[in-house]
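See below for the structure under consideration.
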Amino acid sequence: MASLGFAEAFAGYGAKLKNVQWSVCADAPDGSLVVSLWQHHFDPPRNGAITCRGSFARWSGPGNAEFREKVTAAFNTKQPIKVVIAHTTQTAEVESGADASTLKKSFSIKKDWIGRVVSISGDEYVFEFSRCS
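Structure follows, in structure tokens:
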């Protein structure tokens with residue numbers, strides 16, 4: 021899929037960000053939660069599952085608070101997840117907690133994926149996606 025702008029990627033699912041400056045998740049009209057996840061946090065597909073691991077503690081600010089709250093609620097309610105994938109070559113900066121708004125990045129969506137939050141343990145979270153027909 022072609023590279024998209026950030027808000028444009030969310031709009032691809034009909035989701036509107038609360039604040040385009042710091043939000044990294046938004047509810048979609050179909051009841052799913054759309055989340056932005058870094059491409060380098062995805063494991064290679066295994067047995068049809070596509071897993072993404074991350075940490076709430078890697079970064080801070082209002083976007084993190086909103087993300088933590090919505091992802092935790094999605095885990096508790098088994099809310100379906102859709103993904104905006106953030107692509108960057110500056111992965112060391114991402115991992116150090118640098119301000120991601122200053123990094124060169126692009127975004128893509130996977131309309132044929134559906135996911136869920138499979139675990140939250142302390143600051144660590146895991147999403148699992150599968151291809152839908």
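Counted the way the numbering used here counts, the sequence shown spans residues 21 to 153. Even for Gly, the Cβ is constructed at its ideal location relative to N, Cα and C.
- For residue 45 against residue 56, the beta-carbon gap comes to about 7 Å, under 8 Å, which counts as contact.
- In the three-state reduction of the DSSP assignment, residue 80 falls in the coil class, being assigned neither a helical nor a strand state.
- The distance from the Cβ of residue 90 to that of residue 134 is about 17 Å, inconsistent with a contact at the 8 Å cut-off.
- The three-state secondary structure of residue 43, taken from DSSP, is coil.
- Per DSSP, reduced to three states, the secondary structure at residue 85 is helical.
- Going by DSSP, residue 26 is part of the alpha helix (DSSP H) stretching over 26-31.
- Straight across, the Cα-Cα distance linking residue 99 with residue 112 is about 31 Å.
- The residue among 123, 128, 86, 151 with its C-alpha nearest the C-alpha of residue 136 is 151.
- Per the Cβ contact rule, the segment 36-51 is not in contact with the segment 123-131 (fewer than 3 Cβ pairs under 8 Å).
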